[in-house]
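Numbering (our numbering), first residue to last: 232 to 548.
From the three backbone atoms N, C-alpha and C, an ideal C-beta is built for every residue, glycine too.
This one's a predicted model, so the numbers in the text were calculated from it and none came from an experiment.
A quick write-up on the structure given underneath.
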Amino acid sequence: MTQRAAADLRPAGEDKMPSPFTGYRRGNGSLLVGLAEDVITSKAFDRYRGQVQLILTSPPFPLNRRKRYGNFQGEKYREWLAAFAPMFRELLTPDGSVVLEVGNAWEPRRPIMSTLTMESLLAFLKAGDLNLCQEFICNNPARLPSPIQWVNIERIRVKDSFTHIWWMSPTDRPKADNREVLVDYSDRMKTLLRKGSWNSGRRPSGHVIGEASFFTDNGGAIPSSVLSYSNTVSADSYRKYCLGHNLPVHPARMPREACEFFIKFLTAPGDLVFDPFAGSNTTGAVASELGRRWLAVEADPDYAMGSLGRFVAEGTR
C-alpha cells in the first residue's frame, strides 16, 4: 500500500464511525475494516440495530480454490453463512430486506454441481427466521467459460454464467416498489400502445386480457426476475485507482447494475443500506449516488483502500 493511499485509511474518531475500527468516510456513508462478524457484534455497532433498510451483499462464494478474499467449503461454508442470519435480522427495520448474491458450487474433481448453495440458503432462512420473497438469476453472458476442466478441456459441460440472488425479509411484505425499476417497453409494445388495438380475450392459459387495462401506459414494463449484465468494465475509475496506487483489484465485483436495481426497488432516498462483505464497495458507491445512507465492512485493508477509487472525481463507474 502506498503512503498516500495509507493516509486515507486510518483510525477514525467516534465522530466519524464506530471505534476501534479503521476505515474511511465518504459523503453519507462509512466503510469499516474488520471481519464482518466482529464489526456487527461490537458495542459500537449497536446504534445501527433496527435501522438498516437493506442489507445488500455478495459474500465469498463456496469455491473449491481458496481465494485471497477468503472462502469456506462444504459444511463449514453453510455454517459460516447461516451464522450471519440472526445478526442481519437484528440490524433490519421491521420491513427491511436482505439480498444475497451467491454463485454456484461444484463438487471437487467431479463434473457435477453441488447442492451447497441451496442448502446454505435453507440454513440461512431457518437461522434468521426469514421469508424468501423472491429468487433472482443474475446472468453474465460475457463470462469466461468455466469450470475449465469440464467446459474447456473435456468439453462435457456448458459454461456456468449465472449467480443466484436471494431476496429475504422477516416480513411477508417488506418495503418494495417495482415502479422504481421499470424497464423500457419493447418495440412491439410501443407499437400496440400507439395503435391502441389488441386482440383481447381469453388466452390459451385461460388468462383474459382486457383492453382498458392493457393499454395503460405505466411508463415502462415490469422487469423479470432474470437480470442480465455483462459486467466486463475493465477501465473504470476503480480499476485505474487500484493500479495507480499499487493495490489489488478485487476479482469478484458485484455488477453495478444489480446494486442499482435492488437499491431502487427496496429502498427510498435517505434509507440506510449495509454491505458486510464490501469488496470493492460497489454497494456503498451506488447507494451514495442514489441518495441513500450507507455502511460497509471489508476484512482486507488493501481491498478497502482500493474501494476509495469508487469515489474519485470522475465518478463511481
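Spatial neighbours of Y308 in its own chain (CB-CB distance under 7 angstroms, excluding positions within 5 residues in sequence) are listed in chain order as P293, L347, S351. Ranked by Cα distance from K390, the options N409, I343, Y416 are led by I343. Inclusion of Y469 and S519 in the CB contact set at 9 angstroms is not warranted, their separation being larger than that value. When C-alpha distances from V543 are compared across F252, G258, T253, the shortest belongs to G258. Residue environment for R487: buried (at least 16 other C-beta atoms within 10 angstroms of its C-beta). Restricted to the segment 279-343, the alpha helix (DSSP H) segments that are unbroken, complete and at least 4 residues in length are 305-313, 315-322, listed in chain order.
Residue burial is scored here from C-beta neighbours: Q284 has at least 16 other C-beta atoms within 10 angstroms and is therefore classed as buried. At the C-beta level, D502 and T402 stay beyond 9 angstroms of one another. Annotation for E350: the continuous alpha helix (DSSP H) segment containing it runs 347-359. With respect to the C-alpha of I271, the residue from R524, D506, M349 having the closest C-alpha is D506. DSSP places M420 in the uninterrupted alpha helix (DSSP H) bounded by 418-426.
In the DSSP secondary-structure assignment, N477 is not bridged to any residue. A check of alpha carbon separations from N449 across R388, D415, P291, S511 identifies D415 as the nearest.
If you compare the alpha carbons of A316, A530, P500 with that of N512, the shortest gap goes to A530. By the C-beta density criterion, E332 is buried, having at least 16 other C-beta atoms within 10 angstroms.
Residue pairing from DSSP places S459 in a beta bridge opposite N370. In this structure S400 is buried. Its beta-carbon is surrounded by 16 or more other beta-carbon atoms within 10 angstroms. Note on geometry: alpha-carbon atoms of N383 and P376 lie some 7 angstroms from one another.
D360 and R419 have their alpha carbons spaced roughly 43 angstroms apart.
The alpha-carbon separation between M318 and R425 amounts to approximately 51 angstroms. In the DSSP assignment, A527 falls outside any alpha helix (DSSP H) and lies within the beta strand (DSSP E) extending over 524-529. Excluding the 5 residues flanking it on each side, G510 has same chain C-beta neighbours closer than 8 angstroms at S289, Y300, H481, A483, R484, M485, E529, Y534, S538, in chain order. By the criterion of a C-beta distance shorter than 8 angstroms, R404 is surrounded in its chain by D326, once the five residues flanking it on both sides are discounted. F508 sits in coil when the DSSP states are folded into three classes, being neither helix nor strand. L497: not part of any beta strand (DSSP E); member of the alpha helix (DSSP H) spanning 487-497, first to last residue. When DSSP states are grouped into helix, strand and coil, R410 belongs to the helix group.
Straight-line spacing of the CA atoms in E366 and F493 works out to 12 angstroms. A distance of 9 angstroms or more separates the beta carbons of L262 and I286. Shown here, S261 sits in a strand according to DSSP, grouped into three states. Classified as exposed, T447 has fewer than 16 neighbouring CB atoms from the shown chains inside 10 Å of its CB. Pairing G254 with S455, the inter-Cα distance amounts to about 37 angstroms. In the three-state scheme derived from DSSP, where H, G and I count as helix and E and B as strand, I379 is classed as helix. Non-local C-beta neighbours of R541 in its own chain, meaning closer than 6 angstroms and more than five positions away in sequence, comprise Y469, N512, A516, T547, ordered along the chain.
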